[in-house]
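In this note's numbering, the protein residues as written are 4 to 119.
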């Protein structure tokens, strides 16, 4: 099952690259921004509960799709870019087994405990 989930996430990551290529930004913007979503990890400096909330806000695909939809509605390439980066990053994280976090701590995710 883990490999099937990884394959599905790989397809979604590839889709984010495809969507990015439709935007008027230079190719290097994608690799330069793909790790930007990890700024949500700074929430863990304030404890596990705030950390999980902040991390999940930047790694929830529903948020990414909402940001993208706002960009589409407003015809704003920067919102579109932000939504694509959020979506692509969340998919990339899930390929490596990093899921949405529980309040118990960073290593407890919806995909299972990290490191097991």
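Cβ atoms here follow ideal geometry from the backbone N, Cα and C, with glycine treated the same way.
Original post:
Cα separation between residue 18 and residue 6?
Top reply: What you label residue 18 is simply residue 15 of the chain shown in a count that begins at 1. What you label residue 6 is simply residue 3 of the chain shown in a count that begins at 1. Rounded to the nearest angstrom, the two C-alpha atoms are 18 Å apart.
Subject >> C-beta contact flag for residue 38 and residue 63 at 8 Å >> reply: Start at 1 with the first residue of the chain shown, and residue 38 comes out as number 35. Start at 1 with the first residue of the chain shown, and residue 63 comes out as number 60. No, the Cβ-Cβ distance between residue 38 and residue 63 is not below 8 Å.
**OP:** Per DSSP, which residues does residue 49 bridge with? Please list them.
**Re:** By 1-based counting over the chain shown, the position of residue 49 is 46. In the DSSP output, where bridge partners are listed per residue, residue 49 has none listed.
Subject >> Any 3 or more C-beta pairs closer than 8 Å across the region 99–115 and the region 77–86 >> reply: Contact fails: fewer than three Cβ-Cβ distances are below 8 Å.
Original post:
Is the number of C-beta pairs between the region 49–57 and the region 29–37 that are closer than 8 Å three or more?
Top reply: no
Subject >> C-alpha gap between residue 23 and residue 112, whole angstroms >> reply: For the purposes of this step, residue 23 is taken as the residue at position 20 of the chain shown. For the purposes of this step, residue 112 is taken as the residue at position 109 of the chain shown. So the alpha carbons of these two residues sit roughly 28 Å apart.
Original post:
Which value, in whole angstroms, describes the spacing of the CA atoms of residue 83 and residue 59?
Top reply: Position 80 of the chain shown holds residue 83. Position 56 of the chain shown holds residue 59. Rounded to the nearest angstrom, the gap between the Cα atoms of residue 83 and residue 59 is 20 Å.
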